[in-house]
Amino acid sequence: MIYAVVLAAGASSRYGVSPPKQVELLPRVLDAVHAHLELEARAGGYVAQDRAAPALNAGRAALAGLLGVPEAGLALTESATASLRAAQSDRGPAGASAGAVFDFGTARREHEQRWPSELQDAFIAMLMSLPAPYRAYVRRTLYGRVEALAAERPVTAEDLHRLLNELRASIALK
């Protein structure tokens, strides 16, 4: 089914605005998509995927033959961007952490060492628990204190709460 969509899209761009091939293929493609979606709704995604496998494999073989490449060289994805992201995450950028999709450089990696996802989430949750007028001040002030502490050792969520309580006491924030 997917190969039919790809081939129909190819026919669309290859034959111009009103291609006879597109007119011929599109109803069949839409029927195949509709039938697959109905099967998925009735029997579930795994069953539909298993039943579509022979057609997908045949489509992959036909497309590989048409392009003159080995089947292993094809990737059926929803977009070129998805293919590039998958390839990038397989090998990872030089110096990036394993499985990284994009590399934003040394400074970003160092920042993420000081501010792992869990700490960022805790910081945001803590800020959002404050009254809106205090958030910007607390964010700027605590960020500097967390950065100073992170230069000495990894910072924990408990450290964040301790730093917030110290700041609250110093400015009489309840």
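Sequential numbering from 2 applies to the sequence shown in our numbering. All residues carry an ideal CB built from backbone N, CA and C; glycine is no exception. Here the structure is a predicted model, which means the values were calculated and not measured.
- Query: What residue does the alpha helix (DSSP H) around Leu165 start on, and which one ends it?
  - Reply: Stepping through the sequence shown from its first residue, residue 165 is reached at position 164. Its alpha helix (DSSP H) spans residues 158-172.
Are Ala123 and Leu161 close, meaning C-beta to C-beta below 7 Å? In the sequence shown, counting from the first residue as 1, residue 123 sits at position 122. In the sequence shown, counting from the first residue as 1, residue 161 sits at position 160. When the beta-carbon positions are compared, Ala123 and Leu161 come within less than 7 Å of each other.
Exercise for review: Return the residue from the list Leu143, Ser171, Glu113, Ala44 that minimises the CA-CA distance to Met127.
Suggested key: If you number the sequence shown from 1, residue 127 lands on position 126. Per the Cα distances, Leu143.
- prompt: Is it buried or exposed for Arg154, if we count other Cβ within 10 angstroms and need 16 for buried?
  reply: By one-based count along the sequence shown, residue 154 stands at place 153. The residue in question, Arg154, is exposed, as its Cβ has fewer than 16 Cβ neighbours within 10 Å.
- Message: Helix, strand or coil for Gly30? Go by DSSP, reduced to three states.
- Response: Residue 30 sits at position 29 when you count from the first residue of the sequence shown. One point to set straight first is that residue 30 is Val, not Gly, in the sequence displayed. In the three-state scheme derived from DSSP, where H, G and I count as helix and E and B as strand, Val30 is classed as helix.
#### Entry: Residue interval of the alpha helix (DSSP H) (run including Val48)
Position 47 of the sequence shown, counted from the first residue, corresponds to residue 48. For Val48, the uninterrupted alpha helix (DSSP H) segment begins and ends at 46-68.
(Q) Could you compute how far the alpha carbon of Arg15 sits from the alpha carbon of Pro134? (A) For the purposes of this step, residue 15 is taken as residue 14 along the sequence shown, with counting starting at 1. For the purposes of this step, residue 134 is taken as residue 133 along the sequence shown, with counting starting at 1. Low local confidence applies: a pLDDT of 49 at Arg15 is under 50, so the model's placement there is unreliable, and no value is given.
- Pair within 7 Å by beta-carbon distance, Leu131 and Arg146: Residue mapping note: residue 131 aligns to position 130 of the sequence shown, counting from 1. Residue mapping note: residue 146 aligns to position 145 of the sequence shown, counting from 1. In this structure, Arg146 does not lie closer than 7 Å to Leu131 by Cβ.
Q. Where do the N-terminal and C-terminal ends of the alpha helix (DSSP H) with Ala126 fall, by residue?
A. For this step, residue 126 is matched to residue 125 along the sequence shown. Here the alpha helix (DSSP H) through Ala126 covers 118-129.
**Request:** Sort Glu119, Ile172, Ala137, Arg141 by Cα distance to Glu159 and report the nearest one.
**Result:** Locating residue 159 in the sequence shown gives position 158, where the first residue counts as 1. It is Glu119 whose Cα lies nearest to the Cα of Glu159.
ask   = Terminal residues of the continuous alpha helix (DSSP H) containing Gly145?
value = Taking the sequence shown and counting its residues from 1, one reaches residue 145 at position 144. Secondary structure note for Gly145: its alpha helix (DSSP H) is the uninterrupted segment 133-151.
Collapsed DSSP secondary structure at Pro94 in the structure displayed: Taking the sequence shown and counting its residues from 1, the one referred to as residue 94 is at position 93. For Pro94, the predicted model reports a pLDDT of 49, less than 50, meaning its position is unreliable; a value from the coordinates is still stated below. Coil, per DSSP.
Have a look at Asn166 and Phe105 and give me their C-alpha separation to the nearest angstrom. Along the sequence shown, read from residue 1 onward, the residue named residue 166 stands at position 165. Along the sequence shown, read from residue 1 onward, the residue named residue 105 stands at position 104. The straight-line gap from Cα to Cα measures roughly 34 Å.
**Q.** C-alpha distance - Arg52 paired with Glu39, whole-angstrom precision
**A.** As a working note, residue 52 is residue 51 in the sequence shown. As a working note, residue 39 is residue 38 in the sequence shown. Each residue's Cα considered, the two are about 13 Å apart.
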